[in-house]
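Visitor: So that you can map any letter, position 155 of the sequence shown is 185 in the numbering used here, and since no number is skipped, the others follow by simple counting.
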Amino acid sequence: MYNSEERVTDLLRAALGGDDSAVEALFRQFSPAVFRLAASLLNDADDAEEVTQDTFVYALKNLGHYDPARSALQTWLFTIAVSRCRNKRRRKWLETVPLAWFARHESRRGSIRSLEDWLAARGVQRELWAAVQALSPKLREAVLLRFVGDLPYAEIGEAVGCGAKAAESRVRTGIVALRKQLAAPGAPQEEWLEALDAT
């Protein structure tokens, strides 16, 4: 049986050999997730598109250095994308980046929509997303990689440059901070906390 890991391995081998169709297939398979992550971190579709392109250009130039025994290809691409997003934020002198855009996994640019709309479709209040925006960049990256990128802690750690335990700690600290913000007086906290638990 031919699984997706074997397919990716075959595509990588072909791409290393100069097969343009393999490069295109890898881009089609992984670019939506990279774009979704970049859009979530940068709040700008054009910047996210640029980061996605930069990520793949860098990855293709350095494909010979990728070690599949160390991480999944998507994790390696996320690591590159997070670094590119950080560079872009630094260049724009932004201390915090509001995360208002979220791209569906089906396609990239054509289906980007407001993250508030995505959360509202799932019964989540706007205040939850405001709480996510209020997290420090390190916590926000870890929380987004966990819940938007659906990565395990070891891969989150690799993507943000820390160990698995530190990544788990960042995610947990982020969730605690979200719970604290959402439990403020006057907030309908049961609804928010249920929504947070459902993520």
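C-beta: ideal position from N, C-alpha, C; glycine also.
1. Looking only at its own chain, which residues have a Cβ that is under 8 Å from the Cβ of LEU46, when we skip the five neighbours before and after it?
2. Here's the rule: buried if 16 or more other CB atoms are within 10 angstroms of the residue's CB, otherwise exposed. What is THR39?
3. Which word fits ASP84, buried or exposed, when buried means at least 16 other C-beta atoms lie within 10 angstroms of its C-beta?
4. Determine the burial state of LYS118: buried for a count of at least 16 other Cβ atoms within 10 Å of its Cβ, exposed for fewer.
5. Closest by CA to THR105, which one among LYS91, ASN73, GLN163 and LEU67?
6. PRO167 lies in the alpha helix (DSSP H); which residues open and close that run?
7. Check whether the Cβ atoms of LEU103 and PHE60 sit closer than 8 Å, and answer yes or no.
8. What's the C-alpha gap between VAL162 and VAL206?
9. If you measure between the beta carbons of LEU90 and VAL53, is that distance less than 8 Å?
10. Could you compute how far the alpha carbon of ARG200 sits from the alpha carbon of SER113?
11. To the nearest angstrom, report how far apart LEU41 and ALA55 are at their CA atoms.
12. Would you report the Cα separation of ARG62 and ARG116, rounded to the nearest angstrom?
13. Over the uninterrupted alpha helix (DSSP H) stretch that includes ASP84, give me the two end residues.
Guide: On the basis of the supplied data:
1. LEU93 and GLY94, listed in sequence order.
2. Classification of THR39: exposed, given that the 10 Å Cβ count is below 16.
3. Counting Cβ neighbours within 10 Å, ASP84 comes out buried, since at least 16 surround it.
4. It counts as buried.
5. Nearest option by C-alpha distance: LEU67.
6. That run of the alpha helix (DSSP H) goes 167-177.
7. Less than 8 Å divides the Cβ of LEU103 from the Cβ of PHE60.
8. Between VAL162 and VAL206, the C-alpha separation is close to 11 Å.
9. With respect to VAL53, LEU90 sits close: the two C-beta atoms are nearer than 8 Å.
10. Rounded to the nearest angstrom, the two C-alpha atoms are 17 Å apart.
11. CA-CA distance, LEU41 to ALA55, rounds to 8 Å.
12. The sequence shown places Pro at residue 62, rather than the Arg named in the question. Near 19 Å, if we compare the C-alpha coordinates of ARG116 and PRO62.
13. Secondary structure note for ASP84: its alpha helix (DSSP H) is the uninterrupted segment 75-91.
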